[in-house]
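One structure is given here, and the rest of the page talks about it.
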Amino acid sequence: MILCCGEVLIDLVPEPGRSGGALLPLPGGGPFNTAIALARLGAVAGFCGAVSTDGFGAKIAARLHAEGVQLHAPRTAAPTPLAVVTLDPEGRAAYSFYTERTALHALADAPPPPGAAIALFGGISLGLEPCGTVYEALFERQKASGALMVIDPNIRPAVIGSGEVTRSRLARMLPRADILKLSDEDLAWLSDDPEAQLRDWLAAGVGLICLTLGGKGLRLLRPGLDLHLPAEAITPVDTIGAGDSFSAGVLQALWENGLRSGADLRALPEADLRKAADFAQKVAALTCSRQGADPPHRAELG
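Given below as structure tokens:
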């Protein structure tokens, strides 16, 4: 199982063709989106994050069930967190989050679910309290169990404020990951010297860094290797869930290539790594071609 740990919320997305600011409520949140994308690509996927018992939570739980994603977390009476989405003329999304006293913070300090071969953490759940402390502890337990660890920090400065708690937490967690997926914007927020930071993570033992560059493509880094791949040529409807879909694509492709451990990652031939990245970029591009975080099914990818 590939287990995705973090927030699930409702994205309030501008409804196409409607005037007056009409908003469409769609389940979202980085780790949730990644779990859905993984399941659609054929993975055995799980999600670990508290889900509300309110109306939106019922919609989220039904979506997880319909997609075949296993839910490994309690239901809670706390309301579902919200993210109001605004889109610029190019379809790039910006978010305003409403998270206080919501289900985001209701995950108890419970033992991790058994059987996760890969565990992904990330999103705003690492940047807020008290949920950040709970997810960091879960990260340590998953790592101790032998899972391959993946982090997508998905930095949202608007919701984490000055970010000192987040910086401290990520300084502890990121060097302990096997795979890091982050954007150039994430990297700029995390370090004043991005290239030195990349080298430091690799020196600390990170096996693969996937650095997305928007329209400029993608960098793949591991010890002794620094590849730049061009971006897929697309005209996006919006970018909601694109990075989450990329994470799912690369993890599923690597899993199908036999990835089960850090040693497998280090031994992966460059050609197979390129194929995994190409596949992941196609998954992300298809997600951008339609409204909201709506990742493709495997059959759509040929």
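According to my numbering, the sequence shown is numbered sequentially starting from 449. Built from N, CA and C at the ideal position, the CB exists for glycine as well. Every value quoted in this text rests on a predicted model; they were computed, and no experiment measured them.
Contacts around residue i, its chain only, beta-carbon distance under 8 Å, and the 5 residues preceding and following it disregarded
i	result
residue 580	573, 574, 613, 614, 617
residue 708	565, 596
C-alpha gap between residue i and residue j, whole angstroms
i	j	result
residue 737	residue 512	22 Å
residue 636	residue 463	32 Å
residue 562	residue 522	15 Å
residue 643	residue 507	42 Å
residue 686	residue 724	23 Å
residue 611	residue 470	32 Å
residue 672	residue 592	27 Å
residue 497	residue 650	29 Å
residue 745	residue 731	9 Å
residue 481	residue 499	14 Å
residue 476	residue 726	24 Å
residue 540	residue 689	11 Å
residue 538	residue 518	35 Å
residue 494	residue 590	14 Å
Cutoff 6 Å; reference residue i; Cβ partners in own chain excluding five residues on either side
i	result
residue 474	459, 461, 740
residue 492	449
residue 505	499, 528
Simplified DSSP state of residue i, which is helix, strand or coil
i	result
residue 670	strand
residue 634	helix
residue 494	strand
residue 501	coil
residue 676	strand
residue 476	strand
residue 600	strand
residue 734	helix
residue 709	coil
residue 642	helix
residue 663	helix
Whole-Å CB distance - residue i paired with residue j, under 8 Å assumed
i	j	result
residue 478	residue 454	6 Å
residue 743	residue 696	7 Å
residue 713	residue 626	6 Å
Own chain partners of residue i with C-beta closer than 7 Å, once the 5 adjacent residues on each side are dropped
i	result
residue 682	733, 736, 737
residue 583	453, 454, 569, 573, 574
*Would you be able to state if there are at least three C-beta pairs under 8 Å between the stretch 528-535 and the stretch 482-489?*
With a cut-off of 8 Å, the stretch 528-535 and the stretch 482-489 do not count as touching, because too few Cβ pairs lie within range.
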